[in-house]
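Novice: Be aware that the sequence shown starts at 9, since it is given in my numbering, and climbs by one per residue.
Virtual Cβ for every residue (Gly too), placed ideally from N, Cα, C.
Take a look at this one; I'll ask things after.
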Amino acid sequence: MNRRQFESADASYDLWWDQARLGQTYYQAMGLDDKTVDATVWFVFFYMPLWPVERVRLRRSGDRWERVGRQPLHFASVLWLYLKAYILFPILAALPVVPFSKAFFPLTGLPKEAQIPGILLWLVALCVALWKMLDLHETSFERAIARR
C-alpha cells in the first residue's frame with residue numbers, strides 16, 4: 009500500500025514515488041480485527057525493502073486508514089522479509105530460466121530453436137507474476153483483515 013494513500017488529498021505530486029517507487033510503503037500487514045491492522049513501514053526503492061522505519065497500528069476510518077499508535081519492531085519479521093526479498097524471490101524468479109541457459113539447454117533435449125522462445129516466455133511469465141504481486145501488495149490491508 010502506497011504511503012500517498014495516507015496523505016492529504018491536496019498533497020503535491022510525488023515524482024520519486026510515481027517513477028522510481030522510492031519512498032515508504034507498508035509491508036507485513038497483520039489484521040487485528042475488522043478495522044485494525046499492524047504493519048511495518050519500510051523505506052523502499054522499486055518496492056525492494058531497504059530498511060524498516062517503524063511498526064504502526066492503523067485503523068480504517070471510512071475509506072482511509074489512520075495511524076493510531078506505534079508497535080515495537082520484531083527482529084525475526086524484519087529478517088524474514090529481507091530473506092524473502094533478496095534470496096527466496098530471486099531464486100524462484102530465476103529457476104524457470106535455468107533449463108534455457110547455455111549450460112543446461114543441451115541437457116533438455118529440446119531443439120535449439122526453442123531456446124529463445126523459452127527465455128521470452130519466461131520473461132513474460134515473470135512480468136505477469138511481478139504485476140500480480142504488486143496488485144496483492146496494494147490490497148494487503150484488506151487481505152490481512154479477511155484472514156484474521
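1. Any idea which residues DSSP pairs leucine 66 with across the strands?
2. Would DSSP call threonine 33 helix, strand or coil?
3. Would serine 148 be called buried (16 or more neighbouring beta carbons within 10 Å of its own) or exposed?
4. Evaluate phenylalanine 108 with the Cβ neighbour count: other Cβ atoms within 10 Å of its Cβ, from every protein chain shown; 16 or more gives buried, anything less gives exposed.
5. Beta-carbon within less than 7 Å of glutamate 74's beta-carbon, same chain only, minus the 5 sequence neighbours each way: which residues are those?
6. I'd like the list of long-range same chain contacts for phenylalanine 113, defined as Cβ closer than 6 Å, with 5 residues on each side in sequence excluded.
7. Would you mind giving the Cβ-Cβ distance between valine 86 and proline 60, rounded to the nearest angstrom? I have them listed as a contact below 8 Å.
8. Our contact map puts tyrosine 34 next to threonine 48 with C-beta atoms below 8 Å; I'd like the distance itself, whole angstroms only.
9. What is the rounded straight-line gap between the Cα of aspartate 41 and the Cα of serine 69?
10. Do glycine 77 and alanine 152 have their beta-carbon atoms positioned less than 8 Å apart in this structure?
11. Please classify arginine 63: is it buried, with 16 or more other beta-carbons within 10 angstroms of its beta-carbon, or exposed?
12. Counting C-beta neighbours from all protein chains within 10 Å, is the total for proline 57 16 or more, i.e. buried, or is it exposed?
13. When you compare each of Leu115, Asp46, Pro119 and Ile127 to proline 80 by their alpha carbons, which one comes out closest?
14. List, from N- to C-terminal side, the alpha helix (DSSP H) runs of 4 residues or more that fit wholly inside the segment 89-139.
Specialist: In brief:
1. Within the sequence shown, numbered from 1, the residue matching residue 66 stands at position 58. Paired residue(s): Val45 and Arg75.
2. Numbered from 1 along the sequence shown, position 25 holds the residue referred to as residue 33. Three-state result, threonine 33: strand.
3. Taking the first residue of the sequence shown as 1, we reach residue 148 at position 140. Per the 10 Å Cβ criterion, buried.
4. In the sequence shown, residue 108 corresponds to position 100, counting from 1. Counting Cβ neighbours within 10 Å, phenylalanine 108 comes out buried, since at least 16 surround it.
5. Looking up residue 74 in the sequence shown gives position 66. Once the five neighbours on either side are set aside, the close Cβ partners of glutamate 74 are Leu66 and Arg67.
6. Against the sequence shown, residue 113 aligns to sequence position 105. So the qualifying residues of the chain are Gln123.
7. The sequence position of residue 86 within the sequence shown is 78, counting from 1. The sequence position of residue 60 within the sequence shown is 52, counting from 1. Yes, valine 86 and proline 60 are in contact; Cβ-Cβ is about 5 Å, under 8 Å.
8. As a first step, residue 34 is located in the sequence shown; it is residue number 26 there, counting from the start. As a first step, residue 48 is located in the sequence shown; it is residue number 40 there, counting from the start. Beta-carbon to beta-carbon, tyrosine 34 and threonine 48 are separated by about 7 Å, close enough to satisfy the 8 Å threshold.
9. Reading the sequence shown from its first residue, position 33 is the one you call residue 41. Reading the sequence shown from its first residue, position 61 is the one you call residue 69. Taking the straight line joining both Cα atoms gives about 13 Å.
10. By 1-based counting over the sequence shown, the position of residue 152 is 144. By 1-based counting over the sequence shown, the position of residue 77 is 69. Taking 8 Å as the Cβ cut-off, alanine 152 and glycine 77 do not qualify as a contacting pair.
11. Here residue 63 is taken as the residue at index 55 of the sequence shown, counted from 1. By the neighbour-count criterion, in which a residue is buried when 16 or more other Cβ atoms sit within 10 angstroms of its Cβ, arginine 63 is buried.
12. To locate residue 57, count along the sequence shown from 1; it is residue 49. Taking all protein chains in view, the Cβ of proline 57 is crowded by 16 or more other Cβ atoms within 10 Å, so the residue is classified as buried.
13. Indexing the sequence shown from 1 puts residue 80 at position 72. From the listed residues Leu115, Asp46, Pro119 and Ile127, the smallest Cα separation to proline 80 is found for Asp46.
14. Secondary structure remark: continuous alpha helix (DSSP H) runs of at least 4 residues inside the segment 89-139, in chain order: 97-102 and 113-116.
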